[in-house]
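Heads up: the sequence shown is residues 1 to 290, going by the UniProt record's numbering.
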Amino acid sequence: MIFCSGLAASAASFASPAKADKSKETLSQWCTPLVKRLPKVTLAQCQRSQLVASGAQSKKGFPLLIKEYPVKTATSKNGDKAPIKILLIGGIHGDEKTAFAIVFQWIDKLNKQGGNEFHWKIAPAINPDGLLAQKPTRVNANGVDLNRNFPTPNWNKEAPQYWREKTKSDPRRFPGKAALSEPESRWIFNQIEQFQPDVIISVHAPFGVLDFDGAGTPPSKFGRLLFNRVGVYPGSLGNYGGLHKDIPVVTIELPNSQQMPSDAEVARIWQDMLNWVEQSVPAQNKVAAK
């Protein structure tokens with residue numbers, strides 16, 4: 001896989017973790033190649049995100065960026081219970097550009113509002129190598145579909161068999177040679193283990209629906225997106241997180257992978273998502289630390 005002209009050198013410069021500091025200059029270096037590929041995300045907006053390097057990197061050495069928003073006590077509606085923890089991720093598939101872009105828009109909303117009642121961890125660009133390839137690709141730099149690489153039960157048999165028999169060995173859906181073979185999927189796996197989210201929200205495109213895996217009440221709609229199960233696949237995040245780990249997983253499928261919804265629709269999806277989390281996602285049954 002080849003980075004587009006002018007981006008390979010930038011990506012190579014990210015290989016040393018020592019360079020991944022929190023300075024505006026460094027964030028600008030990360031943002032510049034990303035926003036060139038993303039609809040309706042400006043360099044200034046990306047710089048305002050205050051994303052930081054998580055310590056993990058893609059196969060090509062691009063840092064996996066993250067932003068954490070601990071709950072603001074004054075805005076929490078959870079009383080003495082621990083706040084609801086949300087893991088929000090975008091861009092597992094590199095050619096689904098809107099799935100990156102809308103998460104940047106939502107980060108901007110969180111940065112502008114006075115406080116937040118949930119504890120967020122947000123990663124808007126899980127597959128930067130796919131996005132920054134000469135022609136953006138669904139798969140990562142190893143040619144692996146990250147959303148088929150999670151360690152669901154019996155992965156070693158089911159994932160390769162499904163790939164061969166159901167997809168006819170479609171290279172866009174190659175699950176990899178082993179579960180968690182990829183640095184990007186391992187990073188999500190580790191975030192789930194360490195953060196212990198109450199809900200995982202993953203953004204994709206272009207089916208234009210909501211999918212849901214796991215226990216609990218699925219959302220009926222976010223904006224114009226209506227609940228309609230897409231299916232369960234060996235190695236998918238919904239299968240692993242929702243069915244195996246028993247963490248509710250909402251998959252947002254935007255209607256177009258290249259063209260963003262209107263600003264009003266972006267805001268409606270966001271607000272409906274917040275309302276659903278508040279009403280339907282129970283926080284962990286423990287008392288928050290004083």
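In this text, a Cβ means the ideal position worked out from N, Cα and C, and glycines have one as well.
In three-state terms, what does DSSP make of residue i?
i: Asp-272; result: helix
i: Trp-30; result: helix
i: Asn-280; result: A small correction: the amino acid at residue 280 is Ser; Asn does not occupy that position in the sequence shown. In the structure shown, Ser-280 sits in a helix (DSSP, three-state: H, G or I).
i: Ser-185; result: helix
i: Val-199; result: strand
Which residues mark the beginning and the end of the alpha helix (DSSP H) in which residue i is found?
i: Ala-123; result: Not the alpha helix (DSSP H): Ala-123 falls in the beta strand (DSSP E), residues 119 to 123.
i: Gly-130; result: 128 to 132
i: Thr-152; result: Thr-152 -> no alpha helix (DSSP H), and no H or E assigned at all.
i: Thr-251; result: No alpha helix (DSSP H) holds Thr-251; the beta strand (DSSP E) holding it covers 249 to 253.
i: Val-103; result: 97 to 112
Could you tell me the boundaries of the beta strand (DSSP E) in which residue i lies?
i: Ile-89; result: 85 to 90
i: Glu-68; result: 63 to 69
i: Asp-145; result: Counting along the chain, Asp-145 falls outside any beta strand (DSSP E), and DSSP gives it neither H nor E.
i: Leu-210; result: 209 to 213
i: Leu-38; result: That residue, Leu-38, is in no beta strand (DSSP E); it is neither H nor E in DSSP.
i: Leu-225; result: 225 to 227
i: His-244; result: No beta strand (DSSP E) contains His-244, which DSSP labels as neither H nor E.
Find out if the Cβ-Cβ distance for the pair residue i, residue j is shorter than 8 Å.
i: Val-144; j: Phe-100; result: no
i: residue 328; j: Glu-265; result: Outside the shown range of the chain (1 to 290) lies residue 328, about which nothing can therefore be said.
i: Ile-201; j: Met-273; result: yes
i: Ser-54; j: Asp-129; result: no
i: Arg-148; j: Ser-236; result: yes
i: Ile-102; j: Gly-94; result: no
i: Leu-146; j: Ile-126; result: yes
i: Asn-116; j: Lys-166; result: no
i: Pro-70; j: His-119; result: yes
i: Arg-229; j: Asp-211; result: yes
In the DSSP output, what is residue i paired with across the bridge?
i: Ala-53; result: Leu-65
i: Glu-193; result: Note: Glu-193 sits in no beta bridge, so no partner.
i: Phe-222; result: Leu-225
i: His-204; result: Glu-253
Between residue i and chain E, is the shortest Cβ-Cβ distance under 8 Å, so that the two count as touching?
i: Thr-251; result: The question asks about chain E, but that chain is absent: this structure has only one protein chain.
If you measure from the CB of residue i, is any heavy atom of the ligand NAP nearer than 7 Å?
i: Val-144; result: No copy of the ligand NAP appears in this structure; indeed no ligand is present at all.
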